[in-house]
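Here is the structure we will look at, set down as C-alpha cells.
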Amino acid sequence: MGLHGFVNLRRILFLLPVLLLFFCQPAWAGNRVALVIGNSAYKNAAPLSNPVNDAAIVEATLKNAGFDVVQTRRDLQAIEMRRTLRDFADQARDADVAVIYYAGHGMEIEGTNYLIPVDATLERDTDVYDEAFSLDRVMLAIEPARQLRLVILDACRNNPFSEKMKRTVGSRSISRGLARIEPATANTLVAFAAKAGSTASDGNSKNSPYAAALVKYIGTPGLDLRRVFGFVRDDVMKATGNRQEPYVYGTLGGDDVPLVPAKETAKETAKEPTREPAKEAAKEAVPSPTLRSEIRRDYELALQVGNKDALNFFIVQYPDGYYASLAKLQLAKIDAEEKRVAAAEKARQAEQEQARLVNEGAQQMQLAKAASDLKAAQEARAAAEAAKETAQHQAAQAEQRRVAAETAPAAKNAAPSATGQPQEAKANANTKVAALPNPQAPVPPPSPAELAKSVQTELRRVGCLTGSASGEWDAASRRSLELFNQSAGTKFDTKTASADALDAIKLKPARVCPLICGSGLKRDGDRCVKIACAAGYFLNSDDECEKRKVRQAPSARLERREREAAPARPARPEASASNKPEGGGMPFMFFLP
Numbered sequence: 001m002g003l004h005g006f007v008n009l010r011r012i013l014f015l016l017p018v019l020l021l022f023f024c025q026p027a028w029a030g031n032r033v034a035l036v037i038g039n040s041a042y043k044n045a046a047p048l049s050n051p052v053n054d055a056a057i058v059e060a061t062l063k064n065a066g067f068d069v070v071q072t073r074r075d076l077q078a079i080e081m082r083r084t085l086r087d088f089a090d091q092a093r094d095a096d097v098a099v100i101y102y103a104g105h106g107m108e109i110e111g112t113n114y115l116i117p118v119d120a121t122l123e124r125d126t127d128v129y130d131e132a133f134s135l136d137r138v139m140l141a142i143e144p145a146r147q148l149r150l151v152i153l154d155a156c157r158n159n160p161f162s163e164k165m166k167r168t169v170g171s172r173s174i175s176r177g178l179a180r181i182e183p184a185t186a187n188t189l190v191a192f193a194a195k196a197g198s199t200a201s202d203g204n205s206k207n208s209p210y211a212a213a214l215v216k217y218i219g220t221p222g223l224d225l226r227r228v229f230g231f232v233r234d235d236v237m238k239a240t241g242n243r244q245e246p247y248v249y250g251t252l253g254g255d256d257v258p259l260v261p262a263k264e265t266a267k268e269t270a271k272e273p274t275r276e277p278a279k280e281a282a283k284e285a286v287p288s289p290t291l292r293s294e295i296r297r298d299y300e301l302a303l304q305v306g307n308k309d310a311l312n313f314f315i316v317q318y319p320d321g322y323y324a325s326l327a328k329l330q331l332a333k334i335d336a337e338e339k340r341v342a343a344a345e346k347a348r349q350a351e352q353e354q355a356r357l358v359n360e361g362a363q364q365m366q367l368a369k370a371a372s373d374l375k376a377a378q379e380a381r382a383a384a385e386a387a388k389e390t391a392q393h394q395a396a397q398a399e400q401r402r403v404a405a406e407t408a409p410a411a412k413n414a415a416p417s418a419t420g421q422p423q424e425a426k427a428n429a430n431t432k433v434a435a436l437p438n439p440q441a442p443v444p445p446p447s448p449a450e451l452a453k454s455v456q457t458e459l460r461r462v463g464c465l466t467g468s469a470s471g472e473w474d475a476a477s478r479r480s481l482e483l484f485n486q487s488a489g490t491k492f493d494t495k496t497a498s499a500d501a502l503d504a505i506k507l508k509p510a511r512v513c514p515l516i517c518g519s520g521l522k523r524d525g526d527r528c529v530k531i532a533c534a535a536g537y538f539l540n541s542d543d544e545c546e547k548r549k550v551r552q553a554p555s556a557r558l559e560r561r562e563r564e565a566a567p568a569r570p571a572r573p574e575a576s577a578s579n580k581p582e583g584g585g586m587p588f589m590f591f592l593p
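For the sequence shown, counting from 1, position 588 maps to 588 in full-length UniProt numbering; every step adds exactly one.
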C-alpha cells in the first residue's frame, strides 16, 4: 500500500465514528416536521366547536417542543386539503420525524377510515370516495420520513353524515367511530382518540378531553411515545368516567423513542460516563436557584392570565416539579367551574322543559319523565358545585402554602443586623417592597349590609324575591324570606338576614317559591310573559281569550229592536152602509190599526 492509500485509510478510520454517530442517532434527534389540521366550520352538518381550539394548543405544544416546521391549517375544503397533504409530503422527504394531527369529523366505510373536509356533502355512501380523504392517503404524506411517522386522529366523534347518507348497496357497512388499522410501514404509529368502533367526546370545555391530555405529555423531554399515549389514555378515561378509551396502533423497537429529546449534552455524558442514574436523577430533580426563579416567574404569569391555555403551556414547558403540581390544581379549579356552569345550564333547561309541559297540559308519562330529568340535572348541578368548592379550596390552600414558603426566606433576610437595620433593607435601601397579606389571618365576618345583600341575591335565585339585592333589609325582603319559609318548610326569623338562612338557601339547587304571574300574564319557563290572543279574540277578566261578537250597522239594530217591541194585532175592517147585511143584521166592521 502506498503512502497515498495509507493516508486515505487513516481518513476513513477517523471519519467512521462520525458517520456511525450521524446515522445511528435516535429517532428524535433529526429534523422534525408537523402538520396540524382543525376542521370545525362544516357547511352541511352541525359545526364542531373544539377542533380549531384543539389545533391551536397542539400547534403551540409542538412549537415549544422545538419542531423545525409546524404547519397549521383550519377549516380545509377538499381542494385545500389535497394541496396541503401534497405540500407536506414534500417537507417530510427531508425529515427524520413527521407528525400529522387531525381534529374534525371522520368516518369508516367498509373497514376504511376517511377524514372529512368542511365542504363535504356525502348524500350517498359512494360520495365518500370523491369528497373525503382515506387514512391511507394521509399516511402517504408522512411515508417519506426516515425514522418516525406519527398520525394522531381526534376524529372519532359521532358522525352526523352517516345518519342522513343514502345507502346505494344494502350490504355496505358503516360503523361507529373508526376502524382498526395496522400500519404497513415500520416505526409508524396511528393514535385514535377513541378505540376502534367507539366514539369520542367533545367534553364541556374549550378543548376535547383527548387534546387536553395530549398536550400535557407529548412535549415532555425524553418521555417515550408509548408512555406518552399511556398517560393520555389514563387521563382521558378518568375525565370521561371510563366511557372513552384512546388507542394506539403500530409498533416501535425496544429503544425509547421520545418526540422531544432529553435535556442532556454530549459533553456532560463524556465527562461522567460512570455516573449513577439515581444520583443523576436526584441532581436534575433539584433546579438551580436561577431556574427556579424563572419557573416561579412563568408560573405567576400563567396564574395572572388565569385561563387553561396559559396553564397548559406552562405545564408543557415545565411538566414536573412543585410549580407543575400547583398549575394542575389551578387547571382542576377551572375545569370544575366549567363543569358547574354546564350542569347549571342543563338544570335550567330541564326546569324550563318541565314548566312548558305543565303549561301545555302534557300527558302524565311526559310529566314524570320531565320530573325525573329535572331531578337528575339538579343532582348533577349540586355535585358539580360541591366539586367546584373542593377544587377551589385545594387550589387556595396550595397557593397559601406557596406564598408562605416563598415569603419566609424574605422575612429571615430582613432580620436586624448589628447596626439595627434589617439586612435586606440595608442592602436595598431604595427598593420598595409591597407587603403580602398573611394567608393565615382570620377572615372578618361580613357586615349586616353585605349579609343582607347575599341573602337577597340567593332569594332572587330561588324565585322568592323579585326586587333588587340592595343590601337593605326592607319589607319586601322580609316577605320574600317568609315565602321561602312557607315553600321550603323552614322557620327562619324574617326580621333580619342571618348566616343560617343564607346557608340554607344556598343548598337549594333550583327554584323554591312558585312563580306567580299577575293579571294578563302567564308562565313561560322561569318568567312571566304577556298573554297574546289571536285575531278576533280578546283577553277577558279571567285571563282567557274570548271571541269578539260581530257588530251590526245602527239602522239594522234599530229595525230589529222595533220588530221585537211591536205586539201582533188582528186586522180591523171598515164600517159602511153598503156593508150592512140583509135582514137588518150587524154590519161588517173593518178595524184599522
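All C-beta atoms, glycine included, are put in the ideal place defined by N, C-alpha and C.
Predicted model, so just to flag it, every value in this text is computed and none were measured.
By the criterion of a C-beta distance shorter than 6 angstroms, LEU35 is surrounded in its chain by GLN71, PHE88 and ILE100, once the five residues flanking it on both sides are discounted. Rounded to the nearest angstrom, the Cβ distance from ALA98 to ARG149 is 6 angstroms, consistent with a contact under 8 angstroms. Closest by C-alpha distance to ASN64, out of LYS333, LEU367, VAL316 and GLN400, is VAL316. Boundaries around GLY230 are those of the alpha helix (DSSP H), 225-239, since no beta strand (DSSP E) includes it. DSSP, read as helix, strand or coil, puts GLU300 in helix. In the DSSP annotation of this structure, the continuous segment of the beta strand (DSSP E) that includes THR112 starts and ends at 112-115.
In this structure, the straight-line span from the alpha carbon of GLU143 to that of ALA92 is close to 8 angstroms. The three-state reading of DSSP puts GLN244 in coil, since its state is none of H, G, I, E or B. If you look at ARG478, you'll find it isn't in any beta strand (DSSP E); it sits in the alpha helix (DSSP H) that goes 475-488.
Excluding five sequence positions before and after ALA60, the CB atoms of its chain that fall closer than 7 angstroms to its own CB belong to PHE313, given in chain order.
ARG74 has GLY38 as its beta-bridge partners, per DSSP. ALA342 has its alpha-carbon roughly 7 angstroms from the corresponding atom of ASN204. Annotated as distal: ALA132 and ILE152, with beta-carbon spacing of 7 angstroms or more. Taking one beta carbon from each stretch, the segment 247-263 and the segment 177-187 have 3 or more pairs nearer than 8 angstroms; the two touch. Distance from the CA of LYS508 to the CA of ALA78, rounded to the nearest whole angstrom, comes to 52 angstroms. Where GLU472 is concerned, there is no enclosing alpha helix (DSSP H), because DSSP gives it neither an H nor an E. Three or more Cβ pairs closer than 8 angstroms define a contact, and the segment 327-334 falls short of that threshold against the segment 229-244. A residue is called buried when at least 16 other Cβ atoms come within 10 angstroms of its Cβ; ASN50 meets this threshold and is buried. Pairing VAL228 with TYR210 gives a Cβ-Cβ distance that is not under 7 angstroms.
In the structure shown, THR496 falls within a coil segment according to DSSP collapsed to helix, strand and coil. The beta carbon of TYR537 lies closer than 7 angstroms to those of CYS545, GLU546, LYS547 and ARG548 in the same chain, with the five residues before and after it left out. Per the coordinates, the alpha-carbon of GLY222 lies some 15 angstroms from the alpha-carbon of VAL215.
ASP320 carries a coil assignment under DSSP once its states are collapsed to helix, strand and coil. Spanning the alpha carbons of ASP309 and LEU301 requires a straight line of approximately 12 angstroms. Around the beta carbon of PRO258, 16 or more other beta carbons sit within 10 angstroms, so the residue counts as buried. Pairing VAL260 with HIS105, the inter-Cα distance amounts to about 29 angstroms.
In the DSSP secondary-structure assignment, ALA391 is not bridged to any residue. When C-alpha distances from PRO514 are compared across LEU465, ALA532 and GLU559, the shortest belongs to LEU465.
The C-beta distance from ASP503 to SER519 rounds to 37 angstroms, too long to fall under 8 angstroms, and the pair is not in contact. Between VAL512 and SER487, the beta carbon gap of about 5 angstroms places them in contact (Cβ cut-off 8 angstroms). Boundaries around GLU108 are those of the beta strand (DSSP E), 106-109, since no alpha helix (DSSP H) includes it.
Secondary structure note for VAL97: its beta strand (DSSP E) is the uninterrupted segment 97-103.
For LYS166, the pairing in a beta bridge is given by DSSP as ARG124. DSSP, read as helix, strand or coil, puts ASP154 in strand. When DSSP states are grouped into helix, strand and coil, ARG523 belongs to the strand group. The beta carbon of ALA476 lies closer than 6 angstroms to those of GLY467 in the same chain, with the five residues before and after it left out.
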